[in-house]
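Participant: Shown below is the structure under consideration.
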Amino acid sequence: MEVSFSKEIESLRLGAGQAFHGEGILAITKALLQSGVAYVGGYQGAPVSHLLDVMVQARPYLDELGVHVEACANEASAAAMLGASIHYPLRGAVTWKSIVGTNVASDALSNLSSPGVKGGALIVVGEDYGEGASVIQERTHAFALKSGMCLLDPRPHLPTMVRMVEEGFRLSECSNMPAILELRIRACHVRGSFVAGDNLARPVSTRALMAEPAGFDYMRLAHPPVTFRQEKLKGEERIPAARRYIAEHGLNELMPGRREDLGIIVQGGLHNALIRALQQLGLADAFGESEIPLLVLNVTYPLVPEQVAQFCVGKRAVLVVEEGQPEYIEQEIATQLRRRDIQTRLHGKDLLPSGGEYTVEVLAQGLLAFLPPPPGEGGGGGASASAAPLTPTLSPEGRGSEWLAALKERRAAVAAQLSKPLPARPPGFCIGCPERPVFSALKLAQQEMGPVHIAADIGCHAFGTFEPFSMGHSILGYGMSLASRAGVSPMMQRRTLAIMGDGGFWHNGLLTGVQSALFNGDDAVLLIFKNGYSSATGTQELISTPAEPARHAAPDKGASLVHTNQTIETTLRGLGVKWLRTVHSYDVARMRATLKDAFTSDFDGLKVIVAEGECQLERQRRIKPWIAGLLKKGERVVRVKYGVDEDVCTGDHACIRLSGCPTLTLKDNPDPLKVDPVATVIDGCVGCGLCGENAHAATLCPSFYRAEVVQNPRWHERLLASVRGAVVRLLQPA
Amino acid sequence: MTAQAPISLLVCALGGEGGGVLSEWLMDVARAAGYAAQSTSIPGVAQRTGATTYYIEVFPVPLAQLGSRWPVFSLSPVPGALDALVSSELLETVRQVGNGMSSPERTLVISSSSRALTTQERMQMADGRLDSAELLRIVQGFSREHHVYDMAALAKEAGTVVSAVMLGAIAGSSLFPFRREDYEKVVGAGDGAGALASLRGFAAAYERVHAPRQWLRDAGLEATAAPGAQEATDWPAPVRQLATLGVQRMLEYQGPEYAALYTARLRSVLAAERQADPAGRHDFAITREMARWLALWMAFDDIVRVAWLKGRAARWQRVRREVKAGEGDLLRVWDHFKPGVPEFAALLPAALARRLTAWDRARVARGAAPWALPLKVGTHSVFGMLSLRFLAGLKWLRPRGSRYALEQALIERWLGGVLAAAQRDWRLGHEIAQCGRLIKGYGATNERGKDNLLHVLEHLAPRGEPAEAAAAVRAAREAALADDAGKALDAALQQHGAPPRPVKAVPVRWVRRPRGLPAAKES
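In structure tokens form, the structure reads like this:
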């Protein structure tokens, strides 16, 4: 990764009393150091990638502190790393994207939770839920419940987030439970400030090593028969200890309000949205003071039954604001109220939607249903009918319902004014991405061979499922493509194709896919995108990333360097792959021929095609300073750009349907006889060459040209060009 | 309860436009000016050219006056409760307006008029672009106040990225209680040239929004100016311009005789239309359409024409401009050609062409790819230019070639179809004339278009009621442009009772492989 986090690393060094300014996820990173964390691990993924990226780049500073950082191979290896805290008084933190990462990690998490931890273990998960999410909409909460881990969901307010990290370690230690701290997408990227503390010294660290291993203790193995005892410990000791800590240290916040007959219990992460919804209804002020009392759960598991009961007792009705399904918190509260025979009416998912993000608008609708109707209206879905209105603004004519009605009206009005729905703008391949040409080749190959079943995967190449390619039948998980076609290919006349990135290959595709296909003697085609990085998550480095010396030695910094690292190929050969082809991903014609070869070959084992082309993002990060340096020194630089001859272009846009590059777009036809817009290459083209390759491979129209602009040419070039130019000009018609 | 509420701003941008830097700048400005603020975003995978948003709230009372209290800010924008919406792309502006974000009572909308076309708009076979005027009307109709101007152009002029321009617009609108100097101090804090360019972009946008409303005239959405064509006196006025362009195109393409053929064909259309619509109620729309499509079809693209277009001096100058080659820079241009057997056969007499084509077909039947010659011709080189000139010089061969004969025959069929239809019903004639739009491109694209047109002529044009036939032709034409696999066209054909197009034989070779089963024979 060539992105620099030097500014962020500086803020990790802040000491007590200094002000920290920055994003939520960086605040959490700083909080880990303030908590005296001894080891950090994780696997990249939005929205928590930064935590690990910054830690990896901050290695020299962390070395000073004696903190070990590990970029793990996947979430399972990160979770297993927490095993260090089982025996030793070491605080450890790992991070990943949830829900997918938690799924991958769950085996280790079960085996960690059962013996329990001695040193605090904190898992920072990016709850990738709601707008902007890129994974399945499920709750991490289920894992906390089933394995017996504490779950923190801090209010998105930097000082609270930082405090909850510190409390999370203490909570973990006093209860022996590992703790999860979940952060929603916007909370990770929220910018704010807090007053920093000193980074805590560690009793044991890479600079203060332990002399002896712990003694043998069967109780610390997740292995029968002690697992039976461990299960009892969870209910009898650990959860009660956690509850005591939560209550005694005020981790959950009670916010009083004038209307004591009502109450709202809210997940910490939703606090700000709830306050804004209350503000919209005139029930809270700018500083979050609410008319209705709130119980803000910064710890959503375990709940403290006494705290909940105390909050509910004497109230007519309580609303539980809990995002996602099923409504675990509401169900538990219902049980507790029932057991204690507390007659407060309980609302939650009956008034709020079961799925989807709880935006301010959604919450306001739920609140309107919860609040007592104005006098004379009676009934109502919410708190008991006999009560007086809370405020005059809450009548049906009041500002809350007026605002919501206006929204509905306005959306309908805009839709009516549009002659067609607005096209979506999903993310896509970068300009010059080496994966785009492979999908062009695959599209062309299928035009000749007929369609094939394509098992898609997670990674940048999943953008191939969007227009103009629209390819891929299933996505079962990261690195799972080859495994996910194991039931399809025996049932189908044509061979199937599995697509995998190098990130997915190392994450688990090598084992679940390649090893399994080889062992079972499967006939399948696997296409590996070898771009050198885990690109979709921010170009983290892999074991197959071009090494630093190769980058240094390359005379042309713009050239792809992934061929310098052959770890994938040697691994495949070592495993026993017999049919292996490497194709430069920009060579569309050869890629098409190789695909056809793989699909028609007499070889009936696993056929692997490695599409080699380095991530363009990384290459551009290398090229830009290099070119700038050369130009500054007055040295020769060749810049490549592609273009379209507007009078030759047919206006059919077949080139765009084969490419989709953002810089290959449309402009009005300059020919007054023609009506359809022509293709054009706009600024930003990095001269990857795909346009020309496609023009040849697909026999498109002859309108594409490749232009090379030579800056600071040498004297003999200049001379040749002037002679040649003179002759050419003589030949040119006007 | 205090009536003060945070000032809210939603920023819409595309991945890679520097929206993250913009929100960081705003946070820094707020802090320097002494105000409480918060920003959030959902970058995720949207970093790769997808649409993304940033949300910023600033509390309008200086921190110093708040004591120790800190406002609670929202992490997501509240529809209808926005004070401002700033966007670098017109469609994204309208997307957020459509989400209900902008309120006509409250929201100031500052949007770029520039478009970054979505893939869906770009990939259509005809013109799939949304109408910017329609988008602009929505911005105007659903905002308290709006400023629309070309931010991309402004950024380009200043040599900076659009985030600096957006910040200038925000500052210029006086949305937040910060002074211009507060902003400039933060933007100028970066290093050297980049910071200066950012300041230029900032200032340009600031002036634009802050200055009086003279620029409020709708940003230049009208493009293509009419070309200065010479007058041809004897055509009806609505036809004149296109007919003149057509004649010019024929002269340039082949010569005076060919131009005369064009004129004669167009005159037959004019005569037929005069019969169908003696009062001229339709402003000679059939003839006008035919003037356009006939000229384009008659000047069908072949290697001779492409070589001529690519060899011109004017083209060299245009490429120099497009790739922004500097004064002392050398330019080398390679043109991508891949002529195949059809391109060469086109210039040969029919008998020879048949033999060449038969040879190629035999190759394909044997499993080889069709023969083609991928070329990268260096137009900057003497050899390259000589090659282009040689090919362009084959113009004399064109009328003797097989392609010419084929195209003329098809043109006559279409023309005949238009004339016959116009006699039955003006509308039907008009619809068939517009089917000329189906003919474009080279190679397979061109053949597909011709097949589609012939199919429509044969099966839809002669059907029952003229009005019905006109509707069917129109539906089929629109469907033919919807997807290149022809799925929509086949559906439309069937819906109007016509047979689907015949399936073309495509050689498919498969290896049937599950072990223990005999190899399946597919072809």
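If you read the sequences in order, they're chains A and B.
So that you can map any letter, position 455 of the first sequence is 455 in the UniProt record's numbering, and since no number is skipped, the others follow by simple counting.
So that you can map any letter, position 259 of the second sequence is 259 in the UniProt record's numbering, and since no number is skipped, the others follow by simple counting.
From the three backbone atoms N, C-alpha and C, an ideal C-beta is built for every residue, glycine too.
Being a predicted model, the structure only gives us computed values, none of them experimental.
(1) Determine the DSSP secondary structure at residue 396/B, reduced to helix, strand or coil.
(2) Looking at residue 171/A: is its Cβ nearer than 8 Å to the Cβ of residue 147/A?
(3) Alpha carbon to alpha carbon, how far is residue 103/A from residue 506/A? Give it in angstroms, no decimals.
(4) Per DSSP, what kind of secondary structure is residue 212/B in: helix, strand or coil?
(5) Decide if the region 459-466 of chain A is in contact with the region 429-436 of chain A; the criterion is three or more beta carbon pairs, one per stretch, under 8 Å apart.
(6) Mind the definition here: the region 416-435 of chain A touches the region 603-623 of chain A only if three or more C-beta pairs lie below 8 Å; say whether that holds.
(7) Less than 8 Å between the beta carbons of residue 292/B and residue 242/B, yes or no?
(8) Can you tell me the Cβ-Cβ gap for residue 523/A and residue 489/A, rounded? I've got them flagged as a contact below 8 Å.
(9) Tell me whether the region 33-50 of chain A and the region 535-549 of chain A touch, counting them as touching only if at least three CB pairs, one residue from each stretch, are closer than 8 Å.
(10) Rounded to a whole number of angstroms, what is the C-alpha to C-alpha distance between residue 599/A and residue 725/A?
(11) Counting only beta-carbon atoms, is residue 704/A nearer than 8 Å to chain B?
(12) Any beta carbon of chain A sitting closer than 8 Å to that of residue 344/B?
(13) Please classify residue 408/A: does DSSP put it in a helix, a strand, or coil?
(14) State the CB to CB distance for the pair residue 692/A and residue 380/B, rounded to an integer number of angstroms; the pair is presumed to be in contact (CB under 8 Å).
(15) Quick one: does residue 731/A have its CB under 8 Å from some CB of chain B?
(16) Using a Cβ-Cβ cut-off of less than 8 Å, list which residues of the region 166-177 of chain B approach chain A; keep chain order.
(17) Mind pulling the chain B residues with CB within less than 9 Å of residue 21/A?
(18) Strictly under 8 Å for the Cβ-Cβ distance: is residue 365/A near chain B by that measure?
(19) With a 10 Å radius around its C-beta and 16 neighbouring C-beta atoms as the bar for buried, classify residue 77/A as buried or exposed.
(20) Determine, using beta carbons only, whether residue 112/B and residue 134/B come nearer to each other than 8 Å.
(21) In the DSSP assignment, what are the bridge partners of residue 206/A?
(22) Within 10 angstroms of the Cβ of residue 497/B, are there 16 or more other Cβ atoms? Answer buried if so, exposed if not.
(23) Taking 8 Å as the CB-CB limit, is residue 419/A close to chain B?
(24) What do you reckon, are the CB atoms on residue 580/A and residue 518/A nearer than 8 Å?
(25) Please report the Cβ distance between residue 258/A and residue 291/A, rounded to the nearest whole angstrom; I am assuming they are in contact, meaning their Cβ atoms lie under 8 Å.
(26) From the beta carbon of residue 425/B, is the nearest beta carbon of chain A less than 8 Å away?
(27) By a C-beta neighbour count over all protein chains shown, 10 Å radius and 16 as the cutoff for buried, is residue 715/A buried or exposed?
(28) State buried or exposed for residue 12/B, treating a residue as buried only when at least 16 other CB atoms are found within 10 Å of its CB.
(29) Would you mind telling me which residues of chain B sit closer than 7 Å to residue 736/A, beta carbon to beta carbon, in chain order?
(30) How about residue 161/B and residue 17/B: do their beta carbons lie closer than 8 Å?
(31) Could you tell me which residues DSSP pairs with residue 335/B in its beta bridges?
(32) Are the CB atoms of residue 138/A and residue 184/A nearer to each other than 8 Å?
(33) Can you name the residues that DSSP bridges to residue 62/B?
(34) Return the residue from the list 18/A, 66/A and 688/A that minimises the CA-CA distance to residue 37/A.
(35) Determine the direct distance from the alpha carbon of residue 255/A to that of residue 659/A, and round the result to whole angstroms.
(36) With a threshold of 16 other CB atoms inside 10 Å of the CB of residue 195/A, please say whether the residue is buried or exposed.
Facilitator: Let me lay it out:
(1) helix
(2) no
(3) So the alpha carbons of these two residues sit roughly 17 Å apart.
(4) Model confidence at residue 212/B stands at a pLDDT of 41, short of 50, so the residue's coordinates are unreliable; what they give is reported in the following sentence. Here residue 212/B sits in coil by DSSP.
(5) yes
(6) yes
(7) yes
(8) 6 Å
(9) yes
(10) 49 Å
(11) yes
(12) False, the Cβ-Cβ gap to chain A never drops below 8 Å.
(13) Of the three classes helix, strand and coil, the one that applies to residue 408/A here is helix, per DSSP.
(14) Rounded, the Cβ-Cβ distance is 16 Å, inconsistent with contact.
(15) It does; some Cβ of chain B falls within 8 Å.
(16) Within the region 166-177 of chain B, no residue qualifies.
(17) Within chain B, the residues near residue 21/A are 27, 28 and 31.
(18) So no, residue 365/A is outside the interface.
(19) buried
(20) With respect to residue 134/B, residue 112/B sits apart: the two C-beta atoms are not nearer than 8 Å.
(21) Answer is none; residue 206/A lacks a bridge partner.
(22) With fewer than 16 other beta carbons inside 10 angstroms of its own, residue 497/B counts as exposed.
(23) So yes, residue 419/A belongs to the interface.
(24) no
(25) Contact holds; Cβ gap of about 5 Å.
(26) No - not a single Cβ of chain A is within 8 Å of the one on residue 425/B.
(27) exposed
(28) With 16 or more Cβ atoms within 10 Å of its Cβ, residue 12/B is classed as buried.
(29) Given that chain A is displayed from residue 1 to residue 734, the structure contains no residue 736/A and the question cannot be resolved.
(30) yes
(31) 705/A and 377/B
(32) no
(33) 35/B
(34) 66/A
(35) 56 Å
(36) exposed
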